[in-house]
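Q: Have a look at this one before I ask anything.
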Amino acid sequence: MNGCLLEILTQCSILIFGCLEQALAAIEVIKKSDLASDEFSQALADLHVCATVIEPYSEGLVEAIDQFSEDSPE
26 MNGCLLEILT
36 QCSILIFGCL
46 EQALAAIEVI
56 KKSDLASDEF
66 SQALADLHVC
76 ATVIEPYSEG
86 LVEAIDQFSE
96 DSPE
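Taking my numbering, the leading residue of the sequence shown gets 26, the next gets one more, and so forth.
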């Protein structure tokens, strides 16, 4: 079980980290762009995609950790 959990946590963490990097880049563009610009709109769309991708994976991480905690001896 520990190996499976470790693999799940590793894969989810890698994906979340990549999305967070993209989200931070989008936020920097948003901070520097005019609200009416295409650049702003694209960065906002990119940020939305990142948030949409991260949400289920972060929930999956929490569920995997909770399951491990419930299954492990005290």
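Note that CB positions come from ideal geometry on N, CA and C, so glycine has one too.
Quick check: what's the CA-CA separation for H73 versus A51?
A: C-alpha separation (whole angstroms): 10 Å.
Q: Apply the 10 Å Cβ neighbour rule to A68 and answer buried if 16 or more other Cβ atoms are within range, or exposed otherwise.
A: Answer is buried; the Cβ neighbour count reaches 16.
Q: Just the C-alpha distance for T35 and C29, rounded to the nearest angstrom, thanks.
A: Straight-line Cα distance between these residues: approximately 10 Å.
Q: Hey, I55 and F42 are a contact pair by Cβ (cut 8 Å); roughly how many whole angstroms apart?
A: Wrong, their Cβ atoms sit about 20 Å apart, outside the cutoff.
Q: When the Cα atoms are used, what is the spatial distance from L62 to I39?
A: In the sequence on display, residue 62 carries Ser and not Leu. Answer to the nearest angstrom: the Cα atoms are 32 Å apart.
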